[in-house]
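Using this note's numbering, the first residue of the sequence shown is number 19, and each one after it goes up by one.
A short worksheet on the structure shown next.
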Amino acid sequence: MYQIIHERAEDAPAINTLLDQCFGPERHHKTAYKVRANSTAIDAMSFVGISNGELVASIKYWPLLIGNITPAILLGPIAVHPDRQGEGIGVKLIRDTMQTAKDLGHSLVVLVGDPEYYERFGYVSAFDHGLELPGPVDRHRFLVCELIDGALEDVRGMIMGA
Ligand SMILES: CC(C)(COP(=O)(O)OP(=O)(O)OC[C@H]1O[C@@H](n2cnc3c(N)ncnc32)[C@H](O)[C@@H]1OP(=O)(O)O)[C@@H](O)C(=O)NCCC(=O)NCCS
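So this is what it looks like as structure tokens:
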């Protein structure tokens with residue numbers, strides 16, 4: 019069993035350890051980290067999974083602008099503790115938080131991740147929609163999802179942390 023709750027200030031060290039376990043310390047050099055370098059994660063969209071008092075999962079979102087005009091949010095990182103992967107925690111975290119994002123009025127989510135995992139939530143190629151990233155990334159891993167039908171219409175350009 020686990021509970022999903024809003025991230026608390028005291029979760030920061032355990033989140034850092036979890037991210038090191040899942041992505042390694044090299045993660046800081048990834049393009050997604052550069053995009054959010056000068057941003058602050060959205061408090062209302064930062065959640066953790068807790069099981070028996072231990073932190074087992076984390077998800078965050080960051081404010082973005084696409085083409086200097088269109089507001090969007092960047093999903094990441096999401097991580098589930100290696101001992102707890104495959105139990106459905108990741109799917110629940112993403113589905114719940116995408117609904118929260120919608121409820122808060124967000125219309126577009128961008129991320130860098132495995133398309134095979136994210137297509138189930140409605141993510142499609144961001145490059146195919148004319149979006150760009152300020153750094154190298156495997157083309158097929160740059161993804162976008164409309165939370166509101168038509169939100170991608172006429173949206174083009176570079177994503178930047180806001
Ligand atoms: C990716 C991650 C967040 C998924 O969370 P999870 O709780 O393990 O996943 P769930 O149990 O909710 O979902 C399991 C399903 O996702 C699939 N899946 C998990 N990781 C996947 C991946 N990288 N690519 C494709 N499918 C994946 C599983 O095969 C399974 O599919 P099924 O439902 O068809 O059987 C988690 O495994 C993790 O933290 N991995 C390491 C960090 C990472 O890679 N994070 C970002 C991914 S871009």
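For every residue, glycine included, the Cβ atom is placed at its ideal position computed from N, Cα and C.
The model shown is predicted, which means the values in this text are computed figures rather than measured ones.
Worksheet item: Should GLU137 be counted as a contact of ligand 1 given a C-beta to heavy atom distance under 7 Å?
Response: no
Worksheet item: By a C-beta neighbour count over all protein chains shown, 10 Å radius and 16 as the cutoff for buried, is PRO43 buried or exposed?
Response: Answer is exposed; the Cβ neighbour count stays below 16.
Worksheet item: Should PRO95 go down as buried or exposed, given a rule of 16 or more other Cβ atoms within 10 Å for buried?
Response: So PRO95 ends up on the buried side.
Practice prompt. Kindly indicate which three-state DSSP category MET63 falls into: helix, strand or coil?
Written response: helix
Practice prompt. Check whether the Cβ atoms of MET63 and TYR79 lie closer than 8 Å to each other.
Written response: yes
Worksheet entry | Proximity to MET176 [Cα-Cα], best of PHE41, HIS47, VAL53, TYR20 | The shortest CA-to-CA distance from MET176 to any of PHE41, HIS47, VAL53, TYR20 is the one to VAL53.
Worksheet item: Can you tell which of ALA144, GLU164, GLU72 has the C-alpha that lies nearest to the C-alpha of HIS124?
Response: GLU164
Discussion item. Can you determine whether any heavy atom of ligand 1 sits closer than 7 Å to the C-beta of GLU105, and answer yes or no?
Written reply: yes
Discussion item. Shorter than 7 Å, the distance from the beta carbon of ILE96 to the closest heavy atom of ligand 1, or not?
Written reply: yes
Fill in: When PRO31, ASP38, VAL155, ASP61 are compared against VAL130, the one with the closest alpha-carbon
VAL155
Worksheet item: Looking only at its own chain, which residues have a Cβ that is under 8 Å from the Cβ of LEU161, when we skip the five neighbours before and after it?
Response: VAL128, LEU129, VAL130, GLY131, PRO133, TYR136, TYR141, VAL142, SER143, ALA144
Fill in: Residues of its chain near GLY168, where Cβ-Cβ distance is below 6 Å and the 5 sequence neighbours each way are ignored
none
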